[in-house]
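See structure below.
There are 2 protein chains.
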Amino acid sequence: MASVDRSLVANLPMFAGLAPAEQDELLQEARSIRYPKGSAVFDQGTEADRFYLLLHGHLRVEKITPQGQQSVVRYVSAGELFGVAQAMNLTHYPATAVAAVDSIALAWPSSSWNRLIVKFPSLASSALQTVGSRLQDTQARVMEISNEQVEQRVAHALLRLAKQAGRKVDAGVEIDFPISRQDVAEMTGTTLHTVSRILSAWEQQGLVEGGRQRIVLRDAHRLLGLAEGEEAAQTRKPAP
Amino acid sequence: MASVDRSLVANLPMFAGLAPAEQDELLQEARSIRYPKGSAVFDQGTEADRFYLLLHGHLRVEKITPQGQQSVVRYVSAGELFGVAQAMNLTHYPATAVAAVDSIALAWPSSSWNRLIVKFPSLASSALQTVGSRLQDTQARVMEISNEQVEQRVAHALLRLAKQAGRKVDAGVEIDFPISRQDVAEMTGTTLHTVSRILSAWEQQGLVEGGRQRIVLRDAHRLLGLAEGEEAAQTRKPAP
DNA sequence: TGCCAATGTTGCGCCAGCGCAATTTTCGCA
DNA sequence: TGCGAAAATTGCGCTGGCGCAACATTGGCA
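Note that the protein sequences, when read in sequence, are chains A and B. Its first residue numbered 1, the first sequence is counted upward by one per residue in the working numbering. Its first residue numbered 241, the second sequence is counted upward by one per residue in the working numbering.
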């Protein structure tokens, strides 16, 4: 089993309230596992035998219906708890987690969950906050899909991705992992084709810069305007 | 302060693991409050100073964007925890809860939350499960809105309402609180007009029975078929 | 009991965005 | 270095369901 140094995790909220000795104790029960890009950490429908903390990398969490329709539920960044199905009393994972880039995660056995939260109440609090903020995000998404035009939803999605996993580059802010037009479509409830058209139009206007599995936000401010419902500059005809 | 009898709540999951004396102790910190139909238990954006357990009735939880677009987030039934914003580290309520019928709820001060979960770990577990199952529901909704036709989404919504708050009547299963076409529209991300048209068509076919603020499911089985993607009987033309 | 506001119904026209398809570009890998 | 598959682009036609509008119905309340 790989040993994990306390310093890697000590400043995460989940470990914040614990004494160093307690941190070590919690870490001793965990395994550190490496997931190459493209590999699954767990699969939807399989038994939820572990819960995880992402140490490094990015995961794409996706869900598929019995009819085969797939959606991207969210992306996980380093420092986040995930796969806490046991905490919500689920016996099986409700979604699949795939490494978007080479990633490393700590894994605890689900069977330890109930014992651990008694010993480390901050773990329960962390989980509650994690799940709570996911609920907020998901509800925000429902409102976006319900009430907004596709263009606004794509703008919102990109801004959220940039906030969560943006990396400053010369041209602006780049989303720090490979993401396809298809992925964006599955996040916003639209199609690959529509996303491609929108990004092309935005590239014309200098709002974004595209590439294969690559998106750079060049003008987050104007993008925010679009997300809030302002009319795009060149995509609409002027008033007659 | 109204005193609450232990027997009202003893069989709820939240109280299941507690000794009678502990149940009383927890109850002593709560107030029982009556909310007449149409009144708000709390309003979106106000300080989250309490959390609640619904003892009797039904609440409609709604969320409104700065732009004024409103959605129905969910309905709360008796026995459910709600308003646990504090547990998710929110200082303000993210939505409004309105009594759909005359309702009664227990209210605890949010400030007691952190102390109570240390004393009663089952409270944290309950909250985690409550929030977790809401997250599952909300994610299911995202997938429905993303991937399904409006007719399927309305069918799903009605089935879910009937499951959660259905009352058996002669004609089938009636949703146990007043609900308007507008409410259904706001649950499914569509418009009042479209919902009205769909319900009218279904009524023709004997699938449902409508009325002012009233919906009865007469044929849940065929409705499930619609929700799963089968073609409606009379609403589509036969193949040429 | 009668009025009024809330709720629900329905016809009509339009358009955002989907579905399909053909083509191009790019990267991973042998 | 070259090949094959994955990703992306773009044109075209169609349609589900939205927006508008006019009207009907119903229940609560004075």
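Where is the CB? At the ideal position from N, CA and C, for every residue including glycine.
Work out the CA separation of B:V313 and B:M427 for me, nearest whole Å.
7 Å
Cα-Cα separation between A:V76 and B:V358, rounded to whole angstroms:
29 Å
In chain order, what residues of the stretch 297 to 313 of chain B put their CB closer than 8 Å to some CB of chain A?
K303, T305, Q307, Q309, S311 and V313
Once you ignore the five residues that flank A:R218 on each side, which residues in its own chain have a CB closer than 8 Å to its CB?
A171, G172, G206, L207, V208 and E209
The stretch 5 to 39 of chain A: positions lying closer than 9 Å to chain B by Cβ
none
Which bits of chain B does A:T138 rub up against, with CB to CB less than 7 Å?
L375, T378, Q379 and V382
Could you say which of A:A95, A:L161, A:H193 and A:Q44 lies nearest to A:V216 if we only look at CA atoms?
A:L161
Any C-beta of chain B under 8 Å from that of A:A227
no
Proximal chain B residues relative to A:S122, where beta-carbon distance stays under 8 Å
None at all; the shortest Cβ gap to chain B is about 11 Å.
Taking only beta-carbon positions, decide if B:L464 is within less than 8 Å of chain A.
no
Counting only beta-carbon atoms, is B:V358 nearer than 8 Å to chain A?
yes
Presumed contact (8 Å Cβ cut-off) between A:A21 and A:A97, rounded CB distance
Wrong, their Cβ atoms sit about 31 Å apart, outside the cutoff.
Beta-carbon spacing of A:H92, A:A85 below 8 Å
yes
As assigned by DSSP and simplified to three states, the class of A:A99
strand
In the DSSP assignment, what residue or residues form a beta bridge with A:S77?
A:H58
Amino acids of chain A, ordered along the chain, whose beta-carbon sits closer than 9 Å to that of B:Q369
A87, M88 and N89
Hey, could you find the ends of the alpha helix (DSSP H) A:V84 is sitting in?
Unbroken run through A:V84: none, as it is neither H nor E.
Touching by the beta-carbon criterion (3+ pairs, under 8 Å), the stretch 279 to 293 of chain B and the stretch 340 to 352 of chain B
yes
Using the three-state DSSP reduction, which class does B:A256 fall into: helix, strand or coil?
helix
Under 7 Å Cβ-Cβ, which residues of chain B neighbour A:G189?
I385 and S386
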